[in-house]
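For what it's worth, my numbering labels the leading residue of the sequence shown as 1, then goes sequentially. Even for Gly, the Cβ is constructed at its ideal location relative to N, Cα and C. Just so you know, these numbers come straight off a predicted model, no measurement behind them. Notes to accompany the following structure.
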Amino acid sequence: MDELTAALKKKDEDMRAMEDRYKMYLEKARDVIRALDPKLNPASAEIQSLKAQLSEKDKKIIALERECEQAKLREYEEKLIVTAWYNKSLNFQKMAIESRLSGRANSILPPGQSFLAQQRQVTNARRTMSMNVPATSSK
Numbered sequence: 001m002d003e004l005t006a007a008l009k010k011k012d013e014d015m016r017a018m019e020d021r022y023k024m025y026l027e028k029a030r031d032v033i034r035a036l037d038p039k040l041n042p043a044s045a046e047i048q049s050l051k052a053q054l055s056e057k058d059k060k061i062i063a064l065e066r067e068c069e070q071a072k073l074r075e076y077e078e079k080l081i082v083t084a085w086y087n088k089s090l091n092f093q094k095m096a097i098e099s100r101l102s103g104r105a106n107s108i109l110p111p112g113q114s115f116l117a118q119q120r121q122v123t124n125a126r127r128t129m130s131m132n133v134p135a136t137s138s139k
């Protein structure tokens, strides 16, 4: 009887050991399945999410680069317009000055005189005229 109980205990221990090994193998098989199946692998889902975020940010970067390039082109175009406007107004101003100077060349004043020399002559002419005009006296 003791032999039978000892044999029974031994069989129970063997069964427990086999059951433990079976559970260990089953857990390893589950790990392999999780690693291979992307739907069940949460790390893989996280990787996919990060890839999607990365591609979204790349698209955003490309759009911002395009906007920056367009802003630079607009700024360059505005500078060209301002420069053209400045040059055009400068040409008109030169033409106006030349027309005024050509009008003065036809006047009494000599054409080679500077503006200040012309002003001095006008002032001197006024002085001489005021000296020549006798003062009127009231009676």
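Could you have a look at M24 and say whether DSSP puts it in helix, strand or coil? Three-state DSSP puts M24 in a helix.
I'd like the span of the alpha helix (DSSP H) that includes Q118, first residue to last. Start and end: 115–132.
M95, DSSP secondary structure in three states: It is helical.
How many angstroms separate the CA atom of S102 from the CA atom of Q70? Separation of S102 and Q70 (C-alpha to C-alpha, rounded to the nearest whole angstrom) is 48 angstroms.
Contacts around S55, its chain only, beta-carbon distance under 7 angstroms, and the 5 residues preceding and following it disregarded: The same chain holds no residue with a CB closer than 7 angstroms to that of S55 once the five nearest residues on each side in sequence are set aside.
Ignore the nearest five residues each way along the sequence and tell me which others in L50's own chain have a CB closer than 6 angstroms to its CB. Non-local beta-carbon contacts of L50 in its own chain, meaning distances under 6 angstroms to residues more than five positions away in sequence, are absent.
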